[in-house]
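One structure below.
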Amino acid sequence: METSQAKTRKLLLGIDLGTSRTVVMSNRGAKAMVRSVVGYPKDIIGVKILNRTSSFGDDALNKRSYMNLFFPLRDGVLKEASERDTEAARELLQHVISLADPKPEDEICCILGVPARASQSNKNQLLKITDGLVDLAMVISEPFMVAYGLNKLTNAIIIDIGAGTVDICAMRGTIPAAEDQLSLLKAGNFINEVLSNAIGQAYPDVQMNPLLAERIKEQHGFVGEPPGKAVVTLRSAGKPVPHDLTGELRSACEAIVPEILEGVKQLITVFDPEDQEEALRNVILAGGGSRLHGLDVMVAEGLRDYGEVSVSRVSDPDHAGCAGALKLATELPAEYWSQVGDTSRG
0 METSQAKTRK LLLGIDLGTS RTVVMSNRGA KAMVRSVVGY PKDIIGVKIL NRTSSFGDDA
60 LNKRSYMNLF FPLRDGVLKE ASERDTEAAR ELLQHVISLA DPKPEDEICC ILGVPARASQ
120 SNKNQLLKIT DGLVDLAMVI SEPFMVAYGL NKLTNAIIID IGAGTVDICA MRGTIPAAED
180 QLSLLKAGNF INEVLSNAIG QAYPDVQMNP LLAERIKEQH GFVGEPPGKA VVTLRSAGKP
240 VPHDLTGELR SACEAIVPEI LEGVKQLITV FDPEDQEEAL RNVILAGGGS RLHGLDVMVA
300 EGLRDYGEVS VSRVSDPDHA GCAGALKLAT ELPAEYWSQV GDTSRG
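What follows is the structure, given as structure tokens:
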């Protein structure tokens, strides 16, 4: 990004660039969320209808009949499938930054979240697309962002359930090392696929896709005992018909639980023995998947052999990670960012 002597103000951003949704918050009170999808008109007719050459989020999804859609993030990191995916990721990030209303004189400094065990290549790729968009960028672990925002920096376990990954992090009073974190690939999108397939098998006449399955999961998702019947009206051979999806929902949502439990059991052992009891009383669910009804109870029950376990949820799953990133950006002077995470100057 071009610099000038006119730049006198810092615009600090926390950005959670997620597989399903991207969230931004600024030190000036901006707060926005957009689905992580970019749409380009298929032909000149689409350009005429749209009156521009790209669209983002729900607007792109709502116009998908005449748009080519790109979902530039997969498993919580940028896709490397094509140059167009990289271009879409950069345009998405540029759009998200614009939602924070930057001014020409601003020095833009942002902290972005990545999956707990993102590779160095993943981090470098993300930092590369920030070049020219911000003046300083840092990438840090997404569950660490959540922990920092909650001030849960010691003897706590964060389980951040996103669309692409479930990130589990043991907070031990330091910046988490590789051995303190896990990334699991059976997450929200995995539930969507399992649910979509299960509905297709149970009701062959139903028109179903993962996006529709995601909406059903977000409205009715649960594990364990159902809070009630999940009856959803679906198109069967083109006609609206109510369907009881309780069994399909339960099986799909519970499909991610065994690996979560195994991950927590693995990370318990990185705590000193005298700290393990306290850590198990500070298990925190975050991310969109934390909304699944009954998940806190099922996780606690699955760990009962380890003693007293207390599982809580963040109050704002959509913004918890982003808020933590902004808090860190606000409290840590920029000259120290490189001591916390990977950084890049635009």
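For reference, each letter of the sequence shown is one residue, going 0 to 345 in numbering that gives the first Met the number 0.
Note that CB positions come from ideal geometry on N, CA and C, so glycine has one too.
Subject >> Of the residues GLU261, THR129 and VAL308, the one placed nearest GLU276, counting alpha carbons only >> reply: On the sequence shown, position 277 is the one that residue 276 refers to. Out of GLU261, THR129 and VAL308, VAL308 has the C-alpha closest to the C-alpha of GLU276.
**OP:** Please list, in chain order, all residues of the same chain as ALA278 whose beta carbon is under 6 Å from its beta carbon, the five residues on each side excluded.
**Re:** For the purposes of this step, residue 278 is taken as residue 279 along the sequence shown, with counting starting at 1. Excluding positions up to five away in sequence, the list reads ASN154, ILE156 and PHE270.
Original post:
By Cβ distance, which residues of its chain are closer than 7 Å to LEU11, with the 5 residues on each side in sequence left out?
Top reply: Your numbering for residue 11 matches position 12 in the sequence shown. SER25, ASN26, CYS108, LEU325, ALA328 and THR329, listed in sequence order.
**OP:** Quick one: give me the first and last residue of the beta strand (DSSP E) that MET137 is part of.
**Re:** By one-based count along the sequence shown, residue 137 stands at place 138. 135-140 is the span of the beta strand (DSSP E), which, as asked, contains MET137.
Subject >> Three-state secondary structure assigned by DSSP to ILE255 >> reply: Position 256 of the sequence shown, counting from 1, holds the residue named residue 255. If DSSP states are grouped into helix, strand and coil, ILE255 belongs with coil.
Original post:
Given a threshold of 16 other Cβ atoms within 10 Å of its Cβ, counted over all protein chains shown, does VAL76 qualify as buried or as exposed?
Top reply: Mapped onto the sequence shown, residue 76 falls at position 77. Buried, since its Cβ has 16 or more Cβ neighbours within 10 Å.
Subject >> Coarse secondary structure for PRO103, derived from DSSP in three states >> reply: Locating residue 103 in the sequence shown gives position 104, where the first residue counts as 1. In the structure shown, PRO103 sits in coil (DSSP, three-state: anything other than H, G, I, E or B).
Subject >> HIS292 - DSSP class collapsed to helix/strand/coil >> reply: Translated into positions along the sequence shown, residue 292 becomes position 293. Here HIS292 sits in strand by DSSP.
Original post:
Helix, strand or coil: which one does DSSP assign to HIS318?
Top reply: If you number the sequence shown from 1, residue 318 lands on position 319. HIS318: coil per DSSP, three-state reduction.
Original post:
What residues in its chain sit with their C-beta under 7 Å from that of ARG83, if we drop five residues either side in the sequence?
Top reply: Translated into the one-based positions of the sequence shown, residue 83 becomes position 84. Contacts found: PHE69.
**OP:** Give the range of the alpha helix (DSSP H) segment to which LEU60 is assigned.
**Re:** Stepping through the sequence shown from its first residue, residue 60 is reached at position 61. 56-61 is the span of the alpha helix (DSSP H), which, as asked, contains LEU60.
Subject >> One or two residues paired with PHE69 in a DSSP bridge >> reply: Residue 69 sits at position 70 when you count from the first residue of the sequence shown. According to DSSP, which records beta bridges pairwise, PHE69 is partnered with VAL37.
Original post:
Quick one: Cα of ASP166 to Cα of LEU291, how far?
Top reply: Translated into the one-based positions of the sequence shown, residue 166 becomes position 167. Translated into the one-based positions of the sequence shown, residue 291 becomes position 292. Going by the C-alpha atoms only, they are around 16 Å apart.
Original post:
LYS151 to SER314, Cα distance in whole Å?
Top reply: As a working note, residue 151 is residue 152 in the sequence shown. As a working note, residue 314 is residue 315 in the sequence shown. So the two alpha carbons sit approximately 14 Å from each other.
Original post:
So which of GLY340, SER250 and GLY246 has the shortest CA-CA distance to ALA115?
Top reply: In the sequence shown, residue 115 corresponds to position 116, counting from 1. Out of GLY340, SER250 and GLY246, GLY340 has the C-alpha closest to the C-alpha of ALA115.
Subject >> Distance between beta carbons of GLY38 and ARG63, contact taken as under 8 Å >> reply: Here residue 63 corresponds to residue number 64 of the sequence shown, with the count starting at 1. Here residue 38 corresponds to residue number 39 of the sequence shown, with the count starting at 1. The Cβ separation is near 7 Å, so the contact holds.
**OP:** Would you mind working out which of ASP179, ARG214, GLY237 and LEU184 sits nearest VAL263, comparing C-alpha positions?
**Re:** Here residue 263 is taken as the residue at index 264 of the sequence shown, counted from 1. Nearest option by C-alpha distance: ASP179.
Original post:
According to DSSP, is GLN4 helix, strand or coil?
Top reply: Start at 1 with the first residue of the sequence shown, and residue 4 comes out as number 5. Any reading at GLN4 must be qualified, since the residue scores a pLDDT of 45, below 50, and its modelled position is unreliable; no value is offered.
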